[in-house]
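*Asks:*
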Amino acid sequence: MDTHVVVVEPVLVQEQGDESTMNHLSPKAGDTNLPKFPVCGISEALKLDSSRQYTHPGKGLQFSFLGSARVFRAPEEQKRVEEAENVKVNLLLAKLTADAECDRAEKELTEMKEQEKRRKDRIFIFEQELLLLNQEKTELKKEIEKLKEDLEEHSSKDNLVAEMQLKFTHLEEVRDDGADVDMNTRGVFGAATEIPFRLNQNQALLTFEDKEVAQRLTKMGKHCVKLDNRTANVTVKPFELDRGFQFELHVTVSGKKISVSEIPELPIPKDWVRDKLELHFYKAKQAAGGGEIEDVTYNKGSGTAVITFLKPGASNKFVGCTKYPFYAEGRMFNLSVSPHFDFHLRKFQLYHRVSEKTILLKGIPEVEEDDETVQDMIEIHFQKPSNGGGEIEKIQYISRGAAYVCFEEDAESATS
Numbered sequence: 001m002d003t004h005v006v007v008v009e010p011v012l013v014q015e016q017g018d019e020s021t022m023n024h025l026s027p028k029a030g031d032t033n034l035p036k037f038p039v040c041g042i043s044e045a046l047k048l049d050s051s052r053q054y055t056h057p058g059k060g061l062q063f064s065f066l067g068s069a070r071v072f073r074a075p076e077e078q079k080r081v082e083e084a085e086n087v088k089v090n091l092l093l094a095k096l097t098a099d100a101e102c103d104r105a106e107k108e109l110t111e112m113k114e115q116e117k118r119r120k121d122r123i124f125i126f127e128q129e130l131l132l133l134n135q136e137k138t139e140l141k142k143e144i145e146k147l148k149e150d151l152e153e154h155s156s157k158d159n160l161v162a163e164m165q166l167k168f169t170h171l172e173e174v175r176d177d178g179a180d181v182d183m184n185t186r187g188v189f190g191a192a193t194e195i196p197f198r199l200n201q202n203q204a205l206l207t208f209e210d211k212e213v214a215q216r217l218t219k220m221g222k223h224c225v226k227l228d229n230r231t232a233n234v235t236v237k238p239f240e241l242d243r244g245f246q247f248e249l250h251v252t253v254s255g256k257k258i259s260v261s262e263i264p265e266l267p268i269p270k271d272w273v274r275d276k277l278e279l280h281f282y283k284a285k286q287a288a289g290g291g292e293i294e295d296v297t298y299n300k301g302s303g304t305a306v307i308t309f310l311k312p313g314a315s316n317k318f319v320g321c322t323k324y325p326f327y328a329e330g331r332m333f334n335l336s337v338s339p340h341f342d343f344h345l346r347k348f349q350l351y352h353r354v355s356e357k358t359i360l361l362k363g364i365p366e367v368e369e370d371d372e373t374v375q376d377m378i379e380i381h382f383q384k385p386s387n388g389g390g391e392i393e394k395i396q397y398i399s400r401g402a403a404y405v406c407f408e409e410d411a412e413s414a415t416s
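Here is the structure:
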């Protein structure tokens, strides 16, 4: 029988092998030479007697209890222990890997929760901003509606206000008597205001070709006009215009000056820009015009300038040249060039006119027909010679509200 010597450490060692063998190492009856302790507590046996040997009867195994800290096993048992240790190590490594993965997953989950919280916070902020924008949008819509109402109200008021319009009546040519050494061009424009007349509700204006017809109807005063199935008594009044004015506008186009605009704002002093303009238009003599400069007036705020040449008639060469190239700071700019005008207002006069060809009808009753039908019936009545009428050039009828009208022929046929 082979004898296996096992040295047990002072800890509990469970031998690997036949389970029935390892679990029945307790002393048998009659084994008086064995120490009295359970085999499952081999480490305790070492404490009691570390130099004793024990042979399990019938099992083929003999144990010797020595005072060493090492355990010597059978080769098969050693192999199985190593395999178990490898499994244990692998399990520990797997557990460490799983713990690391768990920690990483927990960190990722925490980060995702934080990101979700930040995302919800941003969404909440955006929703609050959107709510404020919607409120502002609603307020702006209300303000726009109010402004539209105000605009309509002001527009309706503007329609009731007479517009002051100018009408040029004549143009006088000024002959050159040789006294103008600057070679200026002069002209005189006659102008007068066209004063609209306020035509109220249930009134009409009629303009006749012959002024005698208008005067005759005015002298008659009352007229019976058939409107639909009823007869209306209307009153004829002279057509009087409100007070207006007329004047003469004297215009002088300079022969030595030109006006320059759209001058760019350059990062250089004002005097330098003026010098560049003077040099530029002086050099223009070789091209399309220009010449020696007498004076340059430059306004930096408006980007405009007035160039005065020394030679009379020099500015005439720029007539028709709306754009002119200007080089500065390494760039090219297009300047707007135009003649220089001087304006003088003369012979300003007020006047009050009464039309000789137009009459005013008042007291037209309200009828069911539309305005065009009523206007046709009025026109038919006053065109008949039997009613004292004649050929009508223009008619204007208002059934509701008020309107401003102005006839150009009134200015020509009116008396002051």
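So in full-length UniProt numbering, spot 6 of the sequence shown is number 6, and the numbers just go up one at a time. For each residue, glycine too, the CB sits at the ideal point set by N, CA and C. It should be emphasised that the depicted structure is a prediction, and the values quoted were computed from it without experimental measurement.
1. Does the beta-carbon of residue 440 have 16 or more other beta-carbons within 10 angstroms, so that it is buried, or is it exposed?
2. Since K357 and F208 should fall inside the 8 Å C-beta cutoff, what is the C-beta to C-beta distance between them, to a whole number of angstroms?
3. Can you tell me the Cβ-Cβ gap for A192 and G244, rounded? I've got them flagged as a contact below 8 Å.
4. Applying the 10 Å Cβ sphere with the 16-neighbour rule, what's the burial state of L160?
5. My output table needs one value for H344: the three-state DSSP class, helix, strand or coil.
6. Is R198 near Y351, with beta carbons less than 7 Å apart?
7. Out of N299, L217, F341 and M183, state which residue places its alpha-carbon closest to the alpha-carbon of K384.
8. Can you list, in chain order, the residues of its chain whose CB lies under 7 Å from that of E372, leaving out five sequence neighbours each side?
9. Going by DSSP, what residue range makes up the alpha helix (DSSP H) through R198?
10. Would DSSP call K257 helix, strand or coil?
11. Look at L241 and I395 and say whether their C-beta atoms are less than 7 Å apart.
12. So what does DSSP say about L360, is it helix, strand or coil?
13. Which stretch, first to last residue, makes up the alpha helix (DSSP H) that contains residue 420?
14. Just to confirm my understanding: we take T231, look at its own chain, exclude 5 residues before and 5 after, and list those with CB closer than 6 Å. What are they?
15. Got a sec? Which residues, its chain only, sit under 7 Å from V306 by beta carbon, not counting five neighbours each side?
16. Using the three-state DSSP reduction, which class does R273 fall into: helix, strand or coil?
17. Quick one: residues in its chain with C-beta nearer than 8 Å to the C-beta of M183, no 5 flanking neighbours on either side, listed in chain order?
18. Looking at L345: is its Cβ nearer than 7 Å to the Cβ of F239?
19. Find the nearest neighbour of V213 within the set R400, E393 and G388, judged by alpha-carbon distance.
20. Using CA atoms only, rank isn't needed, just tell me which of D376, E292, G291 and G301 is closest to V273.
21. CB-CB under 7 Å to E329, same chain, minus the five flanking residues each way: which ones, in chain order?
22. Considering just the uninterrupted stretch of the beta strand (DSSP E) at E393, what are its terminal residues?
23. So, with DSSP's three-state summary, where would you put T138?
24. Looking at the unbroken beta strand (DSSP E) that takes in E240, where does it start and where does it end?
25. Among N299, V367, L147 and T235, which one has its Cα closest to the Cα of N229?
26. What separation, rounded to the nearest whole angstrom, lies between the Cα atoms of N200 and L133?
27. Do V234 and T185 have their C-beta atoms within less than 7 Å of each other?
28. When you compare only the Cα positions, how much space is there between L131 and R104?
*Replies:* Looking at the coordinates:
1. As shown, the chain starts at 1 and ends at 416. That puts residue 440 outside it, with no answer to give.
2. 6 Å
3. 7 Å
4. With a pLDDT of 45 at L160, under the threshold of 50, the modelled position of that residue is not reliable, and no figure is offered here.
5. It is a strand residue.
6. no
7. L217
8. By the criterion of a C-beta distance shorter than 7 Å, E372 is surrounded by no residue of its chain, once the five residues flanking it on both sides are discounted.
9. First-last for R198: F197 to L199, but that is the beta strand (DSSP E), not the alpha helix (DSSP H).
10. strand
11. no
12. strand
13. Here the chain comprises residues numbered 1 to 416, so residue 420 is not present and cannot be evaluated.
14. Excluding residues up to 5 positions away in sequence, C224 lie with their Cβ nearer than 6 Å to the Cβ of T231 in the same chain.
15. K257, S259, T297 and H340
16. The sequence shown places Val at residue 273, not Arg. In the displayed model, V273 falls within a helix according to three-state DSSP.
17. Around M183: G255, K256, P312, G313 and N316.
18. no
19. Of the candidates R400, E393 and G388, the one whose C-alpha sits nearest the C-alpha of V213 is G388.
20. G301
21. L266
22. I392 to I398
23. helix
24. R230 to E240
25. V367
26. One C-alpha to the other measures close to 48 Å.
27. no
28. If you take the alpha carbons of L131 and R104, they lie about 40 Å apart.
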